[in-house]
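Residue numbers (the numbering used here): 101 to 1245.
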């Protein structure tokens, strides 16, 4: 977005791009998403290139298009197959029964001349498929037995072939049963009458589809084993009036989420799916009553386009949309209306005139006259407005929306036009700014709502303030605020004052000074309610309107107090009035106390009421030592956000002043003052301080390089329990001031629960300034502060609510000491555990200790177990910060790139492996992936532009959906701990039943499954299910992605990531780097094992039977499989979604 604003031009959001869809960031802060019905670009050698169906020769002698979405190659002559097409490891080959001549190439056509006497075979390539047509030039050729019944060889890999009742050839995936390739009912036609052809057909190429004036007939289809037999219509072959050449045309195409079709009232039960292979088709009437017309049965035609509308995010606001398409012909060049409709339902390959969807809602009408000479992916020249349809799609969560184009007058031939298959739906949307917050007035304080009372009164016309933010834009993206102020003067009518600010940066406070003579309302009447509200704008979208606030002007009310704070209001230091000078800067201060001083110019003030981020409260009262004197209070912000302070002065008569208010912005808190990750190499003698100043020397009983809370990738130290030699200590003294606020955190694991243990402490004189450890009396975690140095009478202590047992394992502890509030607060695994009082403070000046504490007789409480990530802060830390610290460091358990294989297949440039695939990071046998039952790796020849490319890198795994799969020999995901798994997947066909990408089974059920499911009515979705326990009756957390639909037509597949955070109990599903679905704070596993190896391409459904039942076999290709212990960060998820290999992640 920042790049778009700097350049003043649209900038593509590369991470969201596919061959059919592109998203642009616009300079005004909005986004434009374009969905193309047909692919407009393809990925080659890691770069996007435009679709180019020009036929070229390749080094193996075959021919094919330069750049097409579907990999395909055609015969270069001789015995090689006529046509081979592949998708997701499914390969379909069509063979000619004899050796073919070398083809003549012209544009997207390859012509094989005289395959029979006076018969040519012509193949046309499209971006997604091909057509092949026999051109029968003479009646003698039409009489050939080979033309009456045309026989092709038909071969497939992971495909089964059949002809349906409509005569369509269907290639189904052997595993899932879904349709991978299909053809419309094949047809044949003659050349029509060229001399009398309609004007719209003047440039028509008859090898692509039938001209309007052509005579047509259906061709019979029979599939018998490895043979495709086409039976030509005997009547048309024998028709003496037929115009030659005749054309016999089958067409094959893969399925996709976007499609187009034509319907013809003259052939009400015939389908013209994807225009029967033609690039353009007619709308309007072919007038049968014209003298010498050559319409045959063709009559009224209409065009339909199904286009993905992935706008299911409820925060999206669609501002505009257009439907663009290329027009290549009109009847006579005059301006005649054609209209775009949003259809009432979708289309399929069975859509025809009789069952066409309802023409539900007209979107726009245009009368274009300018034509293009051809159909390309970028030459759309007719634009219809489609805003209403796009808004309906977003509101109703339609994943695909179907549009239709028809002539406004379908009784007149003059409305004829021809449109291409290259429709584009362009939708501009935005996520509006957040509702304005932190509404304050000075004087007046925080926003007053409800029934007016004495707190509404102010002594002067106030300054109104609001905080504006936009979660979608960069920090520097500008916003504006519109303030609306209303009041009704005594005996008068409602008055309104509206003012719009200038632009300010995102996340700024906006002020409106009502007292300003030029822009405000300085002469507001007294003793009437004045209401005000605010709305934010980013230039494209507006926020919801804020709450309506109010005040009442009473100039007799005492003026408010001055507010000062050296820490947070430095710009106001020289000002001694209630008006507050605010810098707008973001001040480092989360977790740090500041002192706020309130002072009134009045000499009879006896008390002050105050509030932080709220109006003054009767419970927050300060009394000056002398009437009219100042008072001070300490306060610490705990969020990175704008904050405000309010105060009211109260005089001896009980009369209250104005509410004074000052706002200030608080940035994130400072990092720890010392941090020892304890991840140093085995044999180290000291632990590195990540802050650099305080390395900790290790005693001889410290063992470095031990597995930590996240496994081997999150190392720790092991201590023996000896306080004399198994500890670590930096040389610096008084590292943290224990009389002031501080926080101490550590990952701990205790191996011996029979004695008091100290994980962290700081020396005093005979007693520690604090200690964090374990009590064997309560069997709980313990934090304590002696009440004084040297001769302590008691310890202030807080213990965890959680009981520590031998099975507890690694635990994250954090304690926040707040001497202002006299509290100690303990967090366990990122969650608040307990709070207790600490009513005395003193500063210890000794050494910091890891693994022991000081006593009058020496060191004791030696830690027996593991320590990791010990840190100390000289401030309060927030619950959010502690929650983040409690996330174990990520450890990659395995990375299978699936790029290498060892056994060559018979196909050129393809290799498979039937044994094992070694983990790319740690090649020990527990990390190997074994391929079963025909699971294979495909590594295409990188120099073969016609080969189906790997999803990422050099290769990928092909699974047939029958019973093949891959698995590790041992579990890679812990039974109850945090984990993340990732893979890139491409389905061979839409999933009619469950297809599992990854899972890990227990004894009875799978610990987790990420899979494609059909939620009903042929609606595929990505789904994640995570079981709480290892039994078939266990509760299961299920989340479903309704935004990123599984798309078999996308050559890049889709990237899936699953994370489970054992400490926050969050289950997250990411698709293509975006959070797609989640269940937060609710999943608590109670697994007790045993677990089995990670399954790639299937899941355990029921392990209670003698032979465990597995299912959900995946049908398609998988790549880039990763398993982690710990939780992947969102930034890492985004990097993993790249279509280039990320071997370092």
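The beta-carbon is built from N, C-alpha and C at its ideal position, and this holds for glycine as well.
Open item on the list: Once the 5 residues before and after residue 941 are set aside, which same chain residues still bring their CB inside 7 angstroms of it?
Closed with: Along the chain shown, read from residue 1 onward, the residue named residue 941 stands at position 841. For residue 941, where only same-chain residues beyond five positions count, the Cβ hits under 7 angstroms are 839 and 919.
Open item on the list: Less than 8 angstroms between the beta carbons of residue 986 and residue 1106, yes or no?
Closed with: Locating residue 986 in the chain shown gives position 886, counting from the first residue. Locating residue 1106 in the chain shown gives position 1006, counting from the first residue. Cβ distance not < 8 angstroms, so residue 986 and residue 1106 don't count as in contact.
Open item on the list: Below 7 angstroms, is the gap between the Cβ of residue 1085 and the nearest heavy atom of the ligand PLP?
Closed with: Ligands in the displayed structure: none, and consequently the ligand PLP is not present.
Task: Proximity to residue 371 [Cα-Cα], best of 458, 280, 318 and 981 - done: For this step, residue 371 is matched to residue 271 along the chain shown. For residue 371, the nearest C-alpha among the options comes from 318.
Open item on the list: I believe residue 384 touches residue 510 by the beta-carbon criterion, under 8 angstroms. Please report the beta-carbon distance rounded to the nearest angstrom.
Closed with: Within the chain shown, the letter at position 284 stands for residue 384. Within the chain shown, the letter at position 410 stands for residue 510. Going by Cβ atoms, the distance from residue 384 to residue 510 rounds to 6 angstroms, so yes, they are a contact pair.
Task: Secondary structure of residue 375, DSSP reduced to three states - done: Reading the chain shown from its first residue, position 275 is the one you call residue 375. Helix, per DSSP.
Task: Pairwise C-alpha distance: residue 1208 and residue 329 - done: Counted from its first residue, the chain shown places residue 329 at position 229. Counted from its first residue, the chain shown places residue 1208 at position 1108. In a straight line, the C-alpha of residue 329 is about 44 angstroms away from that of residue 1208.
- [ ] Name the one or two DSSP bridge partners that residue 140 has.
- [x] Residue numbering aside, residue 140 sits at position 40 when the chain shown is read from its first letter. Paired residue(s): none; residue 140 is not in a bridge.
Open item on the list: Measuring alpha carbon to alpha carbon, tell me which residue in 901, 685 and 598 is nearest residue 618.
Closed with: Here residue 618 is taken as the residue at index 518 of the chain shown, counted from 1. Comparing Cα positions, the closest option is 598.
TODO: Sort out for me which residues DSSP pairs residue 664 with in a bridge.
DONE: As a working mapping, residue 664 is identified with position 564 in the chain shown. DSSP lists 697 as partners of residue 664.
Open item on the list: For residue 711, list the residues DSSP reports as bridge partners.
Closed with: Residue numbering aside, residue 711 sits at position 611 when the chain shown is read from its first letter. Partner(s): 746.
Open item on the list: Quick check on the DSSP output: what are the complete beta strand (DSSP E) runs of length 3 or more inside the stretch 871-903, in order along the chain?
Closed with: 880-886 and 895-903
Open item on the list: Tell me the DSSP secondary structure of residue 985 in three-state form.
Closed with: Position 885 of the chain shown, counting from 1, holds the residue named residue 985. Helix, per DSSP.
Task: Expected contact under 8 angstroms - CB spacing of residue 57 and residue 890 to nearest Å - done: Since the displayed the chain opens at 101 and closes at 1245, residue 57 lies outside it and no answer follows.
Task: Sufficient close CB pairs (3 or more, under 8 angstroms) joining the stretch 1072-1092 to the stretch 179-188 - done: yes
- [ ] Tell me whether residue 458 sits in a helix, a strand or coil according to DSSP, three-state version.
- [x] Within the chain shown, residue 458 is the residue found at index 358, counting from 1. Here residue 458 sits in coil by DSSP.
Task: Bounding residues of the beta strand (DSSP E) (the contiguous stretch that carries residue 1174) - done: As a working mapping, residue 1174 is identified with position 1074 in the chain shown. First-last of the beta strand (DSSP E) with residue 1174: 1174-1179.
Task: Integer Cβ distance of residue 419 from residue 535, believed to fall under 8 angstroms - done: Here residue 419 is taken as the residue at index 319 of the chain shown, counted from 1. Here residue 535 is taken as the residue at index 435 of the chain shown, counted from 1. That belief does not hold up - the Cβ atoms of residue 419 and residue 535 are roughly 19 angstroms apart, past 8 angstroms.
Open item on the list: Please give the ranges of any beta strand (DSSP E) in the stretch 776-821, keeping only runs that are unbroken, at least 3 residues long and fully inside the region.
Closed with: 796-798, 803-808 and 811-820
Task: Close Cβ partners of residue 548 (< 7 angstroms) along its chain, the five nearest in sequence each way excluded - done: Looking up residue 548 in the chain shown gives position 448. The residues are 555, 556, 649, 650 and 651.
- [ ] Whole angstroms is fine: what's the gap from residue 1156's alpha carbon to residue 524's?
- [x] Along the chain shown, read from residue 1 onward, the residue named residue 1156 stands at position 1056. Along the chain shown, read from residue 1 onward, the residue named residue 524 stands at position 424. Near 27 angstroms, if we compare the C-alpha coordinates of residue 524 and residue 1156.
Open item on the list: Given this structure, state the Cα-to-Cα distance separating residue 117 from residue 148, to the nearest angstrom.
Closed with: Working through the chain shown from its first residue, we reach residue 117 at position 17. Working through the chain shown from its first residue, we reach residue 148 at position 48. Their Cα atoms are separated by approximately 10 angstroms.
Open item on the list: Taking the straight line between their C-alpha atoms, what separation do you get for residue 1216 and residue 997?
Closed with: Sequence index remark: in the chain shown, residue 1216 carries index 1116 (1-based). Sequence index remark: in the chain shown, residue 997 carries index 897 (1-based). Residue 1216 and residue 997: Cα-Cα distance of roughly 16 angstroms.
TODO: Look up residue 558 in the DSSP assignment and give the residues it is bridged to.
DONE: Here residue 558 is taken as the residue at index 458 of the chain shown, counted from 1. The partner list for residue 558 (beta bridge, DSSP) reads 653.
Open item on the list: Given a cut-off of 8 angstroms on the beta-carbon distance, is the pair residue 440 and residue 463 in contact?
Closed with: Walking along the chain shown from the start, residue 440 turns up at place 340. Walking along the chain shown from the start, residue 463 turns up at place 363. Yes, these two residues count as a Cβ contact at 8 angstroms.
TODO: Within the stretch 325-370, note down every full beta strand (DSSP E) run reaching 3 residues or more, in order along the chain.
DONE: 327-331, 346-349, 351-354 and 359-364
Open item on the list: Let me make sure I understand the geometry here. Which of 769, 514 and 102 has the alpha-carbon closest to that of residue 131?
Closed with: Numbered from its first residue, the chain shown carries residue 131 at position 31. The candidate whose alpha carbon is nearest that of residue 131 is 102.
- [ ] Specify whether the stretch 731-750 and the stretch 876-887 touch according to this definition: at least 3 beta carbon pairs, one from each stretch, less than 8 angstroms apart.
- [x] no
Open item on the list: If I follow the unbroken alpha helix (DSSP H) through residue 730, where does it start and stop?
Closed with: On the chain shown, position 630 is the one that residue 730 refers to. Neither: residue 730 is in no alpha helix (DSSP H) and is coded neither H nor E.
Task: Rounded Cβ spacing between residue 989 and residue 792 (contact assumed at less than 8 angstroms) - done: To locate residue 989, count along the chain shown from 1; it is residue 889. To locate residue 792, count along the chain shown from 1; it is residue 692. Wrong, their Cβ atoms sit about 20 angstroms apart, outside the cutoff.
- [ ] Mark residue 912 as exposed unless 16 or more other C-beta atoms lie within 10 angstroms of its C-beta, in which case mark it buried.
- [x] Your numbering for residue 912 matches position 812 in the chain shown. Under this definition residue 912 is a buried residue.
Open item on the list: Using a Cβ-Cβ cutoff of less than 7 angstroms, which residues in the same chain neighbour residue 1074 once the five nearest sequence positions on both sides are dropped?
Closed with: Along the chain shown, one-based indexing puts residue 1074 at 974. Around residue 1074: 1225.
Open item on the list: Can you tell me which residues form a DSSP beta bridge with residue 1060?
Closed with: As a position in the chain shown, residue 1060 is number 960, starting the count at 1. Note: residue 1060 sits in a beta bridge opposite 1215.
TODO: Can you tell me which of 232, 226, 220 and 228 puts its alpha carbon nearest to the alpha carbon of residue 241?
DONE: Within the chain shown, numbered from 1, the residue matching residue 241 stands at position 141. Closest by alpha carbon: 220.
- [ ] Locate the beta strand (DSSP E) running through residue 858, then write down its first and last residues.
- [x] Taking the chain shown and counting its residues from 1, the one referred to as residue 858 is at position 758. Its beta strand (DSSP E) spans residues 857-863.
Task: 8 angstroms Cβ shell around residue 1202 - same chain, five flanking residues per side excluded - done: On the chain shown, residue 1202 is found 1102 positions in, with the first residue counted as 1. Within the same chain, residue 1202 has close Cβ partners 1104, 1105, 1132, 1208 and 1209.
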